[in-house]
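Undergrad:
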Amino acid sequence: MDIDARIKRRRRRDGGPRLVQDYESLSPVAHIDEPSDRGPAFERLLDHLDPVFDGRLPPNAYISGPFGSGKSAIVTALFAHLKQLSTETQSVIHTSTRAASPPSPGFVYVDMRETTSEFAFYHTVLDTLVEDPVPEHGISTEQLRTRLHDLLNGSRTGVVIAVDHVGEPNSADAEALIDLFAGLPSNVSWLAIGRTDPDQTLLTEYTATSLQIQCYRRQMLVDVLMTRASEGLAQQALNHEQARRIADWADGSAHDALAAIFVAADRANRADQNRLTESDVTAAIEETPRPSVSLGRVLALPNNKQLVLRELVDLDSEDRATVTATTKAIGSKPSVDLSPGTVKRYLYEMAEVGIVERIQSDSKNGKGRPPSRVELRFPPTAFRRLYDLQQ
DNA sequence: GATCCACGGGAATACACGGATG
DNA sequence: CATCCGTGTATTCCCGTGGATC
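Plus 1 on top of the position in the first sequence (first one is 1) and you've got the working numbering.
1) Apply the 10 Å Cβ neighbour rule to Lys-345 and answer buried if 16 or more other Cβ atoms are within range, or exposed otherwise.
2) Tell me the rounded alpha-carbon separation between Glu-176 and Ser-87.
3) On a CA-only basis, which of Cys-216, Ala-193 and Gln-215 is nearest Glu-206? Give me that one, please.
4) Is it true that the segment 236-246 meets the segment 218-226, where meeting means three or more beta-carbon pairs spaced less than 8 Å apart?
5) What do you get for Glu-169, buried or exposed, if any count of 16 or more other CB atoms within 10 angstroms of its CB means buried?
6) Near Gln-215, which residues of its chain fall below 6 Å by C-beta distance, leaving aside the five closest residues on each side in sequence?
7) Contact between the segment 260-270 and the segment 377-391: three or more CB pairs below 8 Å?
8) Run through DSSP, which three-state label would Phe-80 get?
9) What beta strand (DSSP E) runs, 3 residues minimum, are completely inside the segment 14-68?
10) Any idea if Pro-1 is buried or exposed, counting beta-carbon neighbours within 10 angstroms, 16 or more meaning buried?
11) Val-109 to Trp-191, Cα distance in whole Å?
12) I need the straight-line Cα distance from Glu-312 to Ser-26, nearest angstrom please.
13) Once the 5 residues before and after Arg-45 are set aside, which same chain residues still bring their CB inside 8 Å of it?
14) Taking the CB atoms as reference points, tell me whether Gly-297 and Arg-114 lie closer together than 8 Å.
15) Name the two residues that bound the continuous beta strand (DSSP E) containing Ser-373.
16) List the endpoints of the continuous alpha helix (DSSP H) containing Thr-327.
17) Since Tyr-110 sits in a beta bridge, which residues does DSSP pair it with?
18) In the DSSP assignment, the beta strand (DSSP E) including Ser-231 goes from what residue to what residue?
19) Give the DSSP-derived three-state secondary structure of Gln-213 in the structure shown.
20) Cβ atoms of Val-21 and Leu-226: under 8 Å apart, would you say?
21) Does the beta-carbon of Arg-271 have 16 or more other beta-carbons within 10 angstroms, so that it is buried, or is it exposed?
22) Along the chain, which unbroken stretches of the alpha helix (DSSP H) at least 4 residues long are found entirely within the segment 144-201?
23) Suppose the cutoff is 6 Å on Cβ atoms and the five residues either side in sequence are ignored; what does the same chain contact list for Trp-250 look like?
24) The beta strand (DSSP E) spanning Ile-286 covers which residue range?
25) Under DSSP, the beta strand (DSSP E) around Arg-359 begins and ends at which residues?
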């Protein structure tokens with residue numbers, strides 16, 4: 002836990018003991034600074050990155066692993082630290098004045114969930130490498146590429162770019178990624194991260210290394226849950242037995258396990274309890290669909306799509322009976338300033354990429370093509386809380 | 001004035017069904 | 001009986017436009 006979180010936690014204590022001390026520590030979309038029990042994975046990744054400590058670039062690589070196995074957690078934590086290394090040695094931005102340690106390459110982490118266009122990709126890379134903020138408007142994609150070329154061609158060490166969530170629906174696939182990197186100079190090394198097995202993607206034709214992350218073992222997952230609970234919840238709020246139960250159910254997915262305690266904690270909190278009960282855990286497990294979609298993906302959607310989902314999770318079953326009924330119900334909310342056509346298109350688009358799922362309704366009331374309804378692929382309580390917190 | 005991209009709106013296409021047709 | 005057609009609804013696809021920002 003960092004210092005900010007500690008302070009926040011103390012400040013929130015004023016109203017007496019509270020079950021949820023800090024939602025951020027519990028959030029399944031937040032990665033903590035030092036993921037526990039992932040030593041071996043860190044070591045393998047550091048083995049691959051070893052050349053950077055001599056001021057050289059590693060070859061391209063691909064990291065794969067199942068949903069919730071901690072790929073993002075490992076890479077974001079490691080890159081956060083490596084960035085400090087390159088700031089210390091002033092590699093890209095200025096010429097190094099230090100003789101002691103060799104200049105280190107720059108490090109950039111790009112999350113393709115939030116980077117939905119060519120423009121956005123180059124923008125993120127450039128913006129991370131230079132001090133002054135890069136404008137998001139009034140500048141063309143071509144200009145961004147030119148600036149990147151100028152910057153990198155003048156750099157001795159180059160840059161390592163981690164590209165997370167490759168190959169998810171609506172995000173860049175392998176081919177698109179290769180194209181993006183074709184627009185950059187050659188002193189760039191990339192580290193792609195995705196769920197697809199290495200032998201199922203053409204990315205590995207461009208890589209020398211591929212690393213596979215295994216899903217969490219049961220005991221490791223229990224430890225993760227207990228750690229998070231100790232940071233985000235009141236003392237003793239989650240007992241070992243409950244953590245084991247959630248870990249068993251989650252079957253190796255840290256995302257689903259964290260989503261479940263998040264939901265259980267929110268439920269207990271609303272009931273003014275000071276610890277989780279068995280029924281909180283049961284309810285949390287029941288409302289978390291499996292397989293689920295990553296809440297990170299849901300929260301990376303454009304604002305208005307999230308708004309549509311936010312209204313969707315509060316609808317009663319009658320309003321969810323058909324896509325048309327759902328469209329009408331959502332469209333009539335005062336907070337929603339979208340045309341019915343757009344709301345409906347959003348629902349279909351989100352079904353297309355697995356945020357929600359379309360279910361054919363069985364009621365065959367005669368005329369026309371039978372309607373379908375949408376069902377959530379994520380725990381509604383978790384989304385509701387996370388959405389409201391970010392507003 | 002330049003640029004990007006989210007929206008709107010509608011056209012095109014798919015599907016289900018029943019009745020007509022060969 | 002198999003196939004086609006018309007109607008009504010659901011779903012997908014496409015592209016111009018305008019808001020926001022620099």
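Beta carbons are placed, not taken as given, at the ideal position from N, Cα and C, and that holds for glycine. The structure presented is a predicted model; accordingly, all values stated were derived computationally and were not measured.
TA: Per the coordinate set shown:
1) buried
2) 30 Å
3) Ala-193
4) yes
5) buried
6) none
7) yes
8) helix
9) 62-65
10) Coverage of the chain is limited to positions 2 through 392, which leaves residue 1 absent and any answer about it impossible.
11) 9 Å
12) 26 Å
13) Leu-212
14) yes
15) 373-377
16) 324-332
17) Ala-163
18) No beta strand (DSSP E) contains Ser-231, which is instead part of the alpha helix (DSSP H) from 219-233.
19) strand
20) no
21) exposed
22) 175-183
23) Ile-286
24) Per DSSP, Ile-286 belongs to no beta strand (DSSP E); it is in the alpha helix (DSSP H), 279-288.
25) 357-361
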